[in-house]
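Trainee: Numbering (our numbering), first residue to last: 717 to 1135. Glycine included, each C-beta is placed from N, C-alpha and C at the ideal position.
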C-alpha cells in the first residue's frame, strides 16, 4: 500500500498481520482486509452486484453505440488492448465510483494506465529522480481523486448505503463506495489515506479485469467456431422484453463460463502468502515445511500441475495444460455438458483462495462475459492479421503482478452489422 498507493505510514498498521482477538469491539478498527471482505460480501453480491454490473454494461453500451463505426465499411483499430482500456475503464469508474470523477478529471483513464505500467518500478522502490514521470502521474491521480472525494462529501451523503439509500448517485457512485467511505471515516482515516485506498480500488477494479477481457475476446476472434458457440449462448442470455443481457443467466451457460475459467487459468499469475500453522507439514515425500514458515503459492504453477489436475479430474488433461482449451472445465454426462470447478480449488486459483479470495471476482466475471456480449451484439469483428495473432503471447515480464498483458499489439476491424 505504501509503495504503490502512497498510503501514509501511520495507517499501514490497518493492513498488517492482525490478531482479531486483540480488537475490542467498538474501540479499535477491525483489520482492513476483514473489513474489505465483509463490505464486498454485502455490496459485491446479490442485488447490489447486479445493479453495478447492469450499470457497467449500460454505460459501456452507450459508449460503443456513440462510436462512429459505419455499416458499409470497416474501421481498423491498430491496438485493440489499448482501445479496450479506453472503453472499459471509464465505464467501470462511472458504474462503481460515479460520473463526477470522470467529469472533473477527463484524463484519469490515460493517467491510470500509465500508473499501472509503473507498478513494478514502485515495487522496486526506485527514487523519484530516476522515474520522475511515474511519480508525477501518481501525484496527479492522488490530487484529483482527493478533489473528487471532497466534492462528493459536500454534495452527497456516504451514510446512505442502507436499504433506503439510492443504489447510485453521480458523486459517490454505488453503495459499495459509500459503505467503504463510511467505514474509513468512522475510524478516523484522514483524506490522504482515504485517497490512497480509492486509488487501490481503481487499480483492483481495472488492472486485472481489463487484460482478462482482452484475452477472452481475443480467443473468440481467433477461433470463429468458438465465437459462434459463445454467441449462441449469449443470444440465450437476452431479456425478451428489452434485448439487454440478462446477467444472472451467464452462470447457466457452460461454454461462456468454461472459456472464462480457461482464460484466467492461462493468463493470471498471482501469488498467495501463507503461514504454515501446523508442525511438519509434509509437502511431498522429499520436503517438509516447518511450523510458522512462510510459503508463497503461485497460481501459474498450480495451473500447469498435470499431476494435480489428473488426480482431481482426469478428463481435464485430455489436451495439454499449456494449451488453450475452452472446454477444459466442462463435465459431460451423455450429450449434456455443465461447467464445474468442483475439486479444483487447489489447481485453479486466479483469485487467490480462502477468506481473502478476490472480493471483486463476481463483478469481474460479469464484466468479462458481458463485454464480449456487447461487442458481438453491436459490431461485426475480425482480426486484421490472423497469422500475426498466432504469435501474440502473454507478457511474462509482468509475473507475478496479476493478469498478463499481450506481448504485441493486436489490430482488429469493426463495422456495424447490416439489418
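Starting from residue 991, follow the beta strand (DSSP E) in both directions and report where the run begins and ends.
Mentor: Start and end: 987 to 991.
Trainee: Are residue 929 and residue 1087 closer than 8 Å when you measure CB to CB?
Mentor: Yes, these two residues count as a Cβ contact at 8 Å.
Trainee: To the nearest angstrom, how far is the alpha carbon of residue 901 from that of residue 875?
Mentor: C-alpha separation (whole angstroms): 10 Å.
Trainee: Do residue 773 and residue 1090 count as a contact pair if the criterion is CB distance below 8 Å?
Mentor: Result yes, Cβ atoms of residue 1090 and residue 773 sit closer than 8 Å.
Trainee: Near residue 741, what residues of its chain come up, given a Cβ to Cβ distance below 8 Å and the 5 sequence neighbours on each side ignored?
Mentor: In this prediction, residue 741 has a pLDDT of 42, which is less than 50 and means its spatial position is unreliable; nothing more can be read from the coordinates.
Trainee: With three or more beta-carbon pairs closer than 8 Å as the criterion, would you say the stretch 1009 to 1023 touches the stretch 985 to 995?
Mentor: Judged by Cβ distances under 8 Å, the stretch 1009 to 1023 makes contact with the stretch 985 to 995, as three or more pairs qualify.
Trainee: Which residue wins for smallest C-alpha separation from residue 717, given the options 967, 908 and 768?
Mentor: That would be 908, whose Cα lies nearest to the Cα of residue 717.
Trainee: Pull the bridge partners of residue 977 from the DSSP assignment, please.
Mentor: The partner list for residue 977 (beta bridge, DSSP) is empty, contrary to what the question assumes.
Trainee: Is residue 1130 a contact residue of the ligand FAD, with contact defined as CB to any heavy atom under 7 Å?
Mentor: The model on display carries no ligand, and the ligand FAD is accordingly not part of it.
Trainee: For the candidate residues 823, 941 and 1085, whose alpha-carbon lies nearest to that of residue 802?
Mentor: Answer by Cα proximity: 823.
Trainee: Between which two residues does the alpha helix (DSSP H) containing residue 871 stretch?
Mentor: Segment 848 to 871, the alpha helix (DSSP H) holding residue 871.
Trainee: What does the alpha-carbon distance come out to for the pair residue 1103 and residue 1076?
Mentor: Distance between the alpha carbons of residue 1103 and residue 1076 is about 35 Å.
Trainee: Suppose the cutoff is 7 Å on Cβ atoms and the five residues either side in sequence are ignored; what does the same chain contact list for residue 922 look like?
Mentor: Answer for residue 922: 805, 808 and 828, listed in chain order.
Trainee: Round the Cβ separation of residue 1127 and residue 796 to the nearest angstrom and send it over; I've been treating them as touching at under 8 Å.
Mentor: Sure, about 7 Å apart at Cβ, within 8 Å.
Trainee: Starting from the C-beta of residue 1138, find all residues in its chain whose C-beta is less than 7 Å away, skip the five residues before and the five after it, and write them out in chain order.
Mentor: Residue 1138 is absent from the structure shown; the chain starts at 717 and stops at 1135.
Trainee: Going straight from the alpha carbon of residue 832 to that of residue 1125, what length do you get?
Mentor: Spanning the two alpha carbons is a distance of roughly 18 Å.
Trainee: Straight-line CA distance for residue 906 to residue 1071?
Mentor: For residue 906 and residue 1071, the distance between alpha carbons rounds to 28 Å.
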